[in-house]
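This report refers to the structure that appears directly beneath it.
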Amino acid sequence: MISNLLKLWPELKVYRGRILLIIVLGIFTSGLKGLAPELVDRLLTAWNSEDQKSAWIIPPLLTIVWIISCITRFYHLYLMKYTADQVSVSQRRKLMDKYLTLNLSFFQEFERGTAGLISRMINDIAIIQTGIHRVADVFREPIMVIGKLSYLLYKDYKLTIFILLALPVVTVALRRIARSLRKYARQSQEIMEDLTRTLKECLDGTRVVQSFGLEDEIRRKFNKQADEFLLNRRKIISREEAAGPISEALTMVFLSVLLVYIGTQVFKSNFTTANFMSFMVAMGLLQDSIRKLQDSYIKVQQAGVGLDRLHAILISHPSVQNPTKPVPFPQNWRTIEFRNVSFAYKDEHVLKNINLIVRRAEILALVGSSGSGKSTLVNLLQRFFDTTEGEILVEGINIKQFDLKELRKNIALVTQDVFLFNDSIEYNIQMGNLDACHDKIENSAKLANAHNFVMNTPAQYSTSVGDFGSRMSGGEKQRISIARAILKDSPILVLDEATSALDSESELEVQRGLAKLLEGRTAFVIAHRLSTIANANRIIVLKNGEIIEEGNHNALIEKKGEYFKFHQMQFLG
2 MISNLLKLWP ELKVYRGRIL LIIVLGIFTS GLKGLAPELV DRLLTAWNSE
52 DQKSAWIIPP LLTIVWIISC ITRFYHLYLM KYTADQVSVS QRRKLMDKYL
102 TLNLSFFQEF ERGTAGLISR MINDIAIIQT GIHRVADVFR EPIMVIGKLS
152 YLLYKDYKLT IFILLALPVV TVALRRIARS LRKYARQSQE IMEDLTRTLK
202 ECLDGTRVVQ SFGLEDEIRR KFNKQADEFL LNRRKIISRE EAAGPISEAL
252 TMVFLSVLLV YIGTQVFKSN FTTANFMSFM VAMGLLQDSI RKLQDSYIKV
302 QQAGVGLDRL HAILISHPSV QNPTKPVPFP QNWRTIEFRN VSFAYKDEHV
352 LKNINLIVRR AEILALVGSS GSGKSTLVNL LQRFFDTTEG EILVEGINIK
402 QFDLKELRKN IALVTQDVFL FNDSIEYNIQ MGNLDACHDK IENSAKLANA
452 HNFVMNTPAQ YSTSVGDFGS RMSGGEKQRI SIARAILKDS PILVLDEATS
502 ALDSESELEV QRGLAKLLEG RTAFVIAHRL STIANANRII VLKNGEIIEE
552 GNHNALIEKK GEYFKFHQMQ FLG
C-alpha cells in the first residue's frame, strides 16, 4: 500500500493543499456521522428517563448534524474527483509529450505495438484515476477506524478487545486477495491492448479486410480476445467482491458471539438498551470504514500496476538525442557529406561504409531494389535514426550538432505512403508552414497540380480529407503531400517517388512544378520508376547497403551494369 501511494505522490504533490483539504473534509464528514451513536444513546436514555427536553432537542440536532455531513461530503467527493480528473489529464499530456519526443526506432521496436501505446493513454490512466479517487479514503478511514474503536473502548473495552481479534484475520485475507489482484490487473491491461490492436487493424485495414474476405477471421480473433478479457475480469471481480463478504462473514462470526455476551450483560442489567443500540450503530459505522479501506486498498493496488506500465514509457529515452548546445544550421552551406556511414538494425547491416558528397542544388537519385538502403540513407539525413558508424556533415558540421527541429526545418519530405490528417485540405497543406496565409497555400496547390481538383470538391479548401485521406484518391493525396512540401520551402528535398500515384497527364504537370521548386535546391530522389529520374544530375545505385554504381543516366546506360539491367526490365520487360 505504502509503495503504491509513493508512486502516486509525484502526481498529487502539485495539489497537496487541496488533498489536505479533501482529507480534512472527509474526516470532518465521517466525524459528524460518528456522533450518531452517542446521540442515539442519549435519545434512548432520554425516552427511558422521560426527559422530554432532551427528547425534543436531540432529533433536530441529529438532523442538523446529518445535513452538515451531507454538505461536507459533497465538497469532499467533488474536489477528490475533480483532482483525479486533473491528474489524469496531466498524465495524458506527459505521455503525449513523451510520444512526440521518442524516435522512430522506439515505435518500431515497442513490443506491444501502437495499440499498446494507445491503451496506456486511455485504459491505464483510467485505472490510475480510479485509484486516485480512493486516496483520501486511504488517509481518512484509518483515522476513522481509530476514532470509532476509541468510542467503542469507551463504551465497553472488553467487547472492543474481542472485536479487535477479528482484524488480523481480515487483514491477512485482504493481503492475499490484493496480491493475486495485482497479477490479474496486469493481465487485464495486456488483453485490453490486444483488443485495441485488433480493433485498430480492422478500422485501418477495412479495404484489405473486405477485399480478402477476412471479416470472419477478424471476428474470430476479436471474440477470442473478448472471451479472454471476460475470463480475466471474472477472476478480478471475484477477488474484488470477495473482500467485502469475507470480512463481513468473519465479523458476523465474532458478532454472533458478541450478541450472546451482550444478552447475558443485559439480563444482568450491566448493559442498557441505549448502550446496546449505540454500540451496534458504532459497530456498523466501524464496519463501513473497514469496508471502504479494503476497497481503497484494492483500487490503489490496481492503480500501482497502471503507474508501473506508464512509468516504463515515461522513463524511455530517445535514442536520437538533441544536442545540449546546438550549432546554428549554416545558411550558405555548399555540401552534404556522408563519410564512412554504416547503419545496422538489430545486428543486420543495412548500409555499409557509404562515402558520398552531394553539392548544393544537385538532384541526386537513389536507385536500387527493395531493401537496398535507399530510404535508410535519407532517414539518417533527417536523424530519424543515428548512424552506427561514420558521420553525416553539412558544410563540414556533423548533423548531430544541429537542433533537431532546425535540421528538419531545412528538409521537406514527400513519401510514397502519404499520411494526411483527418482535417481539411487547407489544414493538411498548411502543415508545411503553419504561418502561411491562404494565398500561399493556394499557390503551393497550383504548383503541385492540386488546385483544380480542390476547387471541384464540395467545400473546396475546407473539404475534409477523412481518416488517412480516405475521401481522396491516391493521386489527390499525393498532390496534397507535394503541395505541403512546396509550402515548406526548404533548401533540401526528399522525394520518395513523389509522382508514383499520378496519371501521365498529372505527372507531367507536377514534374513541371517540381522543376521550378528544385531550382537552387538539393534533392534526394528515391526512384522506383526510372522514367522519373532521367534528368537527375547524378544517380547512385545501391545494392545490399553499398554503392555499386554512380553517374548520370546516359553514363550508366553505357556502362551496362546494374542500372542498365533495371532500365531494361522496366522498359523492355
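The sequence shown lines up with residues 2 to 574 when you count with the working numbering. All C-beta atoms, glycine included, are put in the ideal place defined by N, C-alpha and C.
**Item:** For SER344, the three-state DSSP class (helix, strand or coil)
**Value:** Here residue 344 refers to the residue found at position 343 when the sequence shown is read from its first residue. The sequence given here has Phe at residue 344, not Ser. In this structure, PHE344 counts as strand in the three-state DSSP scheme.
**Asked** Which class does THR199 belong to by DSSP, given the choice of helix, strand or coil?
**Response** Locating residue 199 in the sequence shown gives position 198, where the first residue counts as 1. THR199 sits in a helix when the DSSP states are folded into three classes.
**Whole-angstrom C-beta distance between ALA413 and LEU494, which should lie under 8 angstroms** = Indexing the sequence shown from 1 puts residue 494 at position 493. Indexing the sequence shown from 1 puts residue 413 at position 412. Sure, about 5 angstroms apart at Cβ, within 8 angstroms.
**Request:** Decide yes or no for the touch test of the region 194-206 against the region 315-333: beta carbon pairs closer than 8 angstroms, at least 3 of them.
**Result:** Fewer than three Cβ pairs drawn from the region 194-206 and the region 315-333 lie within less than 8 angstroms of each other, which leaves the two stretches out of contact.
**Asked** Cα separation between GLU349 and LYS184?
**Response** Counted from its first residue, the sequence shown places residue 349 at position 348. Counted from its first residue, the sequence shown places residue 184 at position 183. A direct Cα-to-Cα measurement between GLU349 and LYS184 gives close to 37 angstroms.
**Asked** Under 8 angstroms between the Cβ atoms of ALA524 and ILE364?
**Response** For the purposes of this step, residue 524 is taken as the residue at position 523 of the sequence shown. For the purposes of this step, residue 364 is taken as the residue at position 363 of the sequence shown. Contact: yes.
**Prompt:** What is the rounded straight-line gap between the Cα of ARG141 and the Cα of VAL282?
**Reply:** What you label residue 141 is simply residue 140 of the sequence shown in a count that begins at 1. What you label residue 282 is simply residue 281 of the sequence shown in a count that begins at 1. The alpha-carbon atoms of ARG141 and VAL282 are separated by roughly 19 angstroms.
**Item:** Where LYS544 sits in the DSSP three-state scheme
**Value:** Along the sequence shown, one-based indexing puts residue 544 at 543. It is a strand residue.
**Asked** Which one of LYS441, LEU378 and ILE237 has the shortest CA to CA distance from ILE393?
**Response** Against the sequence shown, residue 393 aligns to sequence position 392. Cα-wise, what sits closest to ILE393 is LEU378.
**Request:** Could you check what DSSP says for PHE111 in three-state terms: helix, strand or coil?
**Result:** On the sequence shown, position 110 is the one that residue 111 refers to. Correct three-state label for PHE111: coil.
**Message:** Quick check on this structure: which residue in GLY307, GLY214, ILE299 and ILE400 has the alpha carbon closest to the alpha carbon of TRP334?
**Reply:** Position 333 of the sequence shown, counted from the first residue, corresponds to residue 334. Here the closest residue by C-alpha is ILE400.
**Request:** May I ask which residues mark the beginning and end of the alpha helix (DSSP H) holding PHE525?
**Result:** Your numbering for residue 525 matches position 524 in the sequence shown. Here PHE525 belongs to no alpha helix (DSSP H); instead the beta strand (DSSP E) covers 523-528.
**Request:** Hey, could you find the ends of the beta strand (DSSP E) LEU153 is sitting in?
**Result:** On the sequence shown, residue 153 is found 152 positions in, with the first residue counted as 1. In the DSSP assignment, LEU153 falls outside any beta strand (DSSP E) and within the unbroken alpha helix (DSSP H) covering 136-156.
**Message:** Which residues does DSSP list as the beta-bridge partners of PHE339?
**Reply:** Residue 339 sits at position 338 when you count from the first residue of the sequence shown. PHE339 is bridged to LEU357 and ILE393.
**Prompt:** Count the other CB atoms within 10 Å of the CB of ASN450; is the residue buried (16 or more) or exposed (fewer)?
**Reply:** As a working mapping, residue 450 is identified with position 449 in the sequence shown. Looking at its Cβ environment, which holds 16 or more other Cβ atoms inside 10 Å, ASN450 is buried.
**Request:** Count the other CB atoms, across all protein chains shown, that sit within 10 Å of the CB of MET570; report buried if there are 16 or more and exposed otherwise.
**Result:** The sequence position of residue 570 within the sequence shown is 569, counting from 1. Exposed.
**Which of helix, strand or coil DSSP assigns to ALA537** = If you number the sequence shown from 1, residue 537 lands on position 536. Looking at ALA537 - three-state DSSP - the assignment turns out to be coil, as it is neither helix nor strand.
**Item:** Spatially closest choice to PRO492 from PRO331, ASP228, THR64 and PRO246, by CA coordinates
**Value:** For the purposes of this step, residue 492 is taken as the residue at position 491 of the sequence shown. Closest option to PRO492, Cα to Cα, is PRO331.
**Prompt:** If we count Cβ pairs, one from each stretch, closer than 8 angstroms, do we get three or more for the region 68-79 versus the region 104-117?
**Reply:** Not touching, per the Cβ criterion.
**Asked** What residues in its chain sit with their C-beta under 6 angstroms from that of SER290, if we drop five residues either side in the sequence?
**Response** Here residue 290 is taken as the residue at index 289 of the sequence shown, counted from 1. Cβ neighbours of SER290 beyond the five flanking positions: GLU142, MET145 and VAL146.
**Message:** With distance defined between alpha-carbon atoms, name the residue in LEU21, ASN536, GLY521 and LYS566 nearest to VAL542.
**Reply:** Numbered from 1 along the sequence shown, position 541 holds the residue referred to as residue 542. Nearest in C-alpha terms to VAL542, of all of LEU21, ASN536, GLY521 and LYS566, is LYS566.
**Asked** By Cβ distance, which residues of its chain are closer than 7 angstroms to GLY369, with the 5 residues on each side in sequence left out?
**Response** The count along the sequence shown starts at 1 and reaches residue 369 at position 368. Excluding five sequence positions before and after GLY369, the CB atoms of its chain that fall closer than 7 angstroms to its own CB belong to LYS375, VAL542, LEU543 and LYS544, given in chain order.
**Message:** Give me, in chain order, the residues of the same chain whose beta-carbon lies closer than 7 angstroms to that of GLN302; leave out the 5 immediate sequence neighbours on both sides.
**Reply:** Here residue 302 refers to the residue found at position 301 when the sequence shown is read from its first residue. ASN5, ALA179, LEU182 and ARG183.
**Message:** Are there any heavy atoms of the ligand SAM lying less than 7 angstroms away from the beta-carbon of LEU381, as far as the coordinates show?
**Reply:** No copy of the ligand SAM appears in this structure; indeed no ligand is present at all.
**Prompt:** For VAL139, which of TYR298, TYR346, LYS326 and ARG361 has the nearest alpha-carbon?
**Reply:** The residue you call residue 139 lines up with position 138 of the sequence shown. Nearest C-alpha to VAL139: TYR298.
**Asked** Leaving out the 5 sequence neighbours to the left and right, which residues in its chain are closer than 7 angstroms to GLY627 when beta-carbon positions are compared?
**Response** Examination of residue 627 is not possible in this model, given that the chain is present from 2 through 574 alone.
**Message:** What would DSSP say about ASP497, mapped onto helix, strand or coil?
**Reply:** Numbered from its first residue, the sequence shown carries residue 497 at position 496. The answer is strand: DSSP assigns ASP497 an E or B state.
**Contact check, GLY433 vs ARG485, beta carbons under 8 angstroms** = Here residue 433 refers to the residue found at position 432 when the sequence shown is read from its first residue. Here residue 485 refers to the residue found at position 484 when the sequence shown is read from its first residue. Closer than 8 angstroms, so yes.
**Between the CA atoms of MET122 and LYS201 - distance to the nearest angstrom** = Position 200 of the sequence shown, counted from the start, is the residue given in the question as residue 201. Position 121 of the sequence shown, counted from the start, is the residue given in the question as residue 122. Each residue's alpha carbon lies about 15 angstroms from the other.
**Prompt:** Do VAL455 and LEU421 have their C-beta atoms closer together than 8 angstroms?
**Reply:** By one-based count along the sequence shown, residue 455 stands at place 454. By one-based count along the sequence shown, residue 421 stands at place 420. Taking a C-beta distance under 8 angstroms as the contact criterion, VAL455 and LEU421 do not qualify as a contact pair.
**Prompt:** Within 10 angstroms of its Cβ, does VAL342 collect 16 or more other Cβ (buried), or is it exposed?
**Reply:** Here residue 342 corresponds to residue number 341 of the sequence shown, with the count starting at 1. Residue burial annotation: VAL342 is buried, with at least 16 other C-beta atoms found within 10 angstroms of its C-beta.
**Asked** Cβ of ASP125 within 8 angstroms of Cβ of ARG310?
**Response** As a position in the sequence shown, residue 125 is number 124, starting the count at 1. As a position in the sequence shown, residue 310 is number 309, starting the count at 1. Their beta carbons are under 8 angstroms apart, which means ASP125 touches ARG310 by this criterion.
**Message:** ALA304 and ILE59 - do their beta-carbons sit closer together than 8 angstroms?
**Reply:** On the sequence shown, position 58 is the one that residue 59 refers to. On the sequence shown, position 303 is the one that residue 304 refers to. No; because the gap between Cβ atoms is not below 8 angstroms, this pair is not in contact.
**Asked** Roughly how many angstroms lie between the CA atoms of TYR462 and HIS452, to the nearest whole one?
**Response** Looking up residue 462 in the sequence shown gives position 461. Looking up residue 452 in the sequence shown gives position 451. In a straight line, the C-alpha of TYR462 is about 9 angstroms away from that of HIS452.
**Item:** Spatially closest choice to LEU63 from ILE20, LEU40 and LEU382, by CA coordinates
**Value:** Here the question's residue 63 lines up with position 62 in the sequence shown. That would be LEU40, whose Cα lies nearest to the Cα of LEU63.
**Prompt:** Can the beta-carbon of THR84 be found closer than 8 angstroms to that of THR30?
**Reply:** The residue labelled residue 84 in the question sits at position 83 within the sequence shown. The residue labelled residue 30 in the question sits at position 29 within the sequence shown. When the beta-carbon positions are compared, THR84 and THR30 stay at least 8 angstroms from each other.
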